[in-house]
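Presented below is the structure to which this report refers.
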Amino acid sequence: MKTLFNKVPLMVLLVSILVTYSCKKAKVVEFDLVISNVNLIDGTGNTLQEDMNVFVKDSLIIKIDSVQLGNEVASKMIDGAGKYLIPGLIDGHAHPGALEENFPKFIHYGVTGILVPGCGHCSDEHFAHMRKLSSDTIITSPRVYHTSQHFTMEGRHPVKTYGGDQWVHEKTVFLLEDTLQIEDYVKRVAQNPIQGIKVTIEDGPHPPFVPRIPQEFVTKIVKEAKKYDLEVFAHVDDMEEVRIAEKAGVQNIIHFIGVDVVWERDKEVIKSLGARNISWVTTLSIGKSFMYPLHPEWLDEPALTIAYDPKETKAQITPDRLQLANEVNDFIENVMGIANPDVENTSIPQIADIKLLEQAGCNIVIGTDTYNAFVFPGYSMHEEMEMMEIGGYEPLKIITMATLNAAKMLHVENSLGSIEEGKIADMVLLDENPLETIRNTLKINKVFKNGIIQTRIE
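Structural data, given as C-alpha cells:
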C-alpha cells in the first residue's frame, strides 16, 4: 500500500500536465494571413521596426508583435525575412481613364487607393461604376474615393481647355451662371457618397487664359458644402487662386504644380491655410510629363514597360506634344531662369516651397493627376515620390505623405493609411529597403488589399 500511495502524487502530476498540454494545444489562434520576421515601416513616421510579425483576420490587422511564433496558424503564411512592409499607397489626385485597363495598373504598382476629383466622363453612373469595380472582385482594383463633378463656369477650365463633347452640363460638370444655383447643385451631389465638392478656380494651364471663377462663387460653394458636412477640393495653379481658396475657407487644394510661393509676399495666406491644417496635393508629375517627349528613353524604364508597352507610349509623342514640350522648356529657361531644365533642377525649387507649406502646418499629400499624357496610373506615384526625394525629403516622410497623410485628407485615417492594429490590411511587401532610396518602392514583391494578395501584371 505504501508503494501505491507514493505513486498517486506522480499520477496526479502526469494527469495535470496532460490536461494543461491539451488546453494549450486547443488554444491555436487562426488567422487569414501572417507575415513573419518582416521589416516594418508602418506609415506613421515611426522608424523601421525589425523582425516584426503582422497578423490579419477578416481583412483587419489583428496583432503586430516581435514575439517568436507559437500556436498561430494562418491560411497564408509568408516569411518576410529580408523584406520590407509598407502601407498601400494612396494617390491623392487621380483620373483613372479606362477603368478596366488602368485599375489593375494601380494595384500592380502598390496603389491600393485613389481619390478621383471629377473628370470629363464622371457622371453619377460613371462614379457608381468606379465604386462597383472597387468593391467587387470583377477586376483587380484600388479603393475609390471621389468628389462631385467639377463646379466651374461656361468657357472656363477644364471645359474650354480640353474641349470635346464629354462635358455635359448637370451630368459631368456643373456650369454655374449665378450663385443662386449653387445651393441646389450642392444639395443634389450631396446625395451621392462623395468626399466633397470639386471647384475649379484655375484660369487655364496655358494661354489664352480665361477669367477665374469669382470669389463669391467659391465662398458660396464652401458655405453650402458645410451644410452636408462636406469639404471643398479646389483646383488651382497660382497664388492668386490660392488666395481665393483661402478666403473662401477651402479645406483641400489638389494641385501644387504652377504655384510659386514668395514667402514675404504670401506668408500670411500660407500661415492661415496651415493654421487650418488644410491638405495640399503635390502633382509634380505633371511637370515631368511635359519633359517626356524630349526624353523618349524614359519610356524604356524596365519598371514602366512591365505595364506599359513602349511602342504605345512613344506613339503619344506627337508633333503637337513635342512642340508643347519645347515651349515649356523655353519658358523654364527664359522666364524661370533654370538653364537646361531637368527633373532635378525643376523639382528642387518646388520642393522648397512645399516645405514652407508643411512647416506652416499644411498636410502634404502625394498625388499625380493621372491620366494626363505621360502621367501613368500607378507608376507615376513612384515618380512623384522620387521627385520629393530629389528635393530633399527623407523616404520615411515621403511614405507617410503617400499613405497616412492621404488617409487624413479623406478622413479614413482610423481605418487606412498605416499598418496598425485594428486597421484594414492594405499593404505592400518590398524586396528592397525604401529608406535607402524611395525608388525601392518599385521593388514590389506582393500587394495586399483587405489582407488578400492581389494579382499583379506579369
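In terms of the numbering used here, the sequence shown is residues 179 to 636.
Ideal Cβ placement from N, Cα and C applies to all residues, glycine included.
All values derive from a computational prediction rather than experimental measurement.
Here the C-alpha atom of aspartate 438 lies approximately 16 Å from the C-alpha atom of glutamate 511.
Taking a C-beta distance under 7 Å as the contact criterion, phenylalanine 284 and isoleucine 317 do not qualify as a contact pair. Burial is judged here by how many other beta carbons sit within 10 angstroms of a residue's own beta carbon; glycine 270 has at least 16 and is buried. Serine 214: member of the beta strand (DSSP E) spanning 208-218, first to last residue.
Look at the segment 529-594 and you find these whole runs of alpha helix (DSSP H), each 4 residues long or longer: 557-568, 573-579 and 582-588. Between threonine 290 and aspartate 531, the C-beta spacing is not below 7 Å.
Here DSSP, grouped into helix, strand and coil, assigns glutamine 227 to strand. Aspartate 362 sits in a helix when the DSSP states are folded into three classes. Taking glutamine 344 as the centre and dropping the five residues before and after it, the same chain places the C-beta of Gly298, His299 and Thr350 closer than 8 Å to its C-beta, in chain order.
If you compare the alpha carbons of Phe352, Thr548 and Leu238 with that of lysine 601, the shortest gap goes to Leu238.
Put simply, the backbone Cα of phenylalanine 468 is about 19 Å away from that of histidine 335. Contact check for valine 234 against leucine 263 fails: the beta carbons are separated by 7 Å or more. The beta carbons of serine 326 and isoleucine 372 sit closer together than 7 Å. Excluding its 5 nearest sequence neighbours in each direction, threonine 546 has C-beta neighbours in its own chain below 7 Å: Asp269, His271, Ala272, Thr461, Ser463, Val553, Ser558, Met559 and Glu562, listed in chain order. In this structure, the alpha-carbon of arginine 443 lies about 15 Å from that of alanine 538.
Going by C-alpha positions, lysine 425 is about 11 Å away from isoleucine 448. With a cut-off of 8 Å on Cβ pairs, the segment 303-315 is not in contact with the segment 612-627, counting fewer than three such pairs. Around the beta carbon of asparagine 583, 16 or more other beta carbons lie within 10 angstroms, which makes this residue buried.
Only residues of its own chain outside the window of five on either side were considered, and among them Thr357 and Ile360 have a CB closer than 6 Å to the CB of lysine 398, listed in chain order. Sequence-distant Cβ neighbours of glutamate 564 in its own chain, meaning closer than 7 Å and more than five residues away, are Ile616 and Arg617. Secondary structure of asparagine 430 (DSSP, three-state): strand. The beta carbons of isoleucine 544 and alanine 585 sit no closer together than 7 Å.
By DSSP's assignment, proline 265 forms a beta bridge with Met605. The shortest CA-to-CA distance from leucine 574 to any of Met331, Ser214 and Gly221 is the one to Gly221. For a cut-off of 8 Å, the C-beta gap from isoleucine 431 to proline 295 is around 11 Å, too long to register as a contact.
The beta carbon of glycine 515 sits closer than 6 Å to none of the beta carbons in its chain outside the five residues before and after it. Beta bridge pairing from DSSP links tyrosine 323 with Leu293. In the DSSP assignment, tryptophan 476 falls outside any beta strand (DSSP E), carrying neither H nor E. In this model, tyrosine 406 and histidine 324 are separated by some 16 Å (Cα to Cα). For the set Lys533, Ala517, Asn504 and Glu208, the Cα lying nearest the Cα of tryptophan 441 is the one of Lys533. For isoleucine 622, the enclosing beta strand (DSSP E) begins and ends at 622-627. Burial is judged here by how many other beta carbons sit within 10 angstroms of a residue's own beta carbon; aspartate 478 has fewer than 16 and is exposed. Across the set Phe411, Val420, Ala252 and Ile292, the C-alpha of Ala252 shows the shortest separation from the C-alpha of phenylalanine 209. Around the C-beta of isoleucine 577, 16 or more other C-beta atoms lie within 10 Å, and the residue is accordingly described as buried.
The three-state reading of DSSP puts tryptophan 441 in helix, counting H, G and I together.
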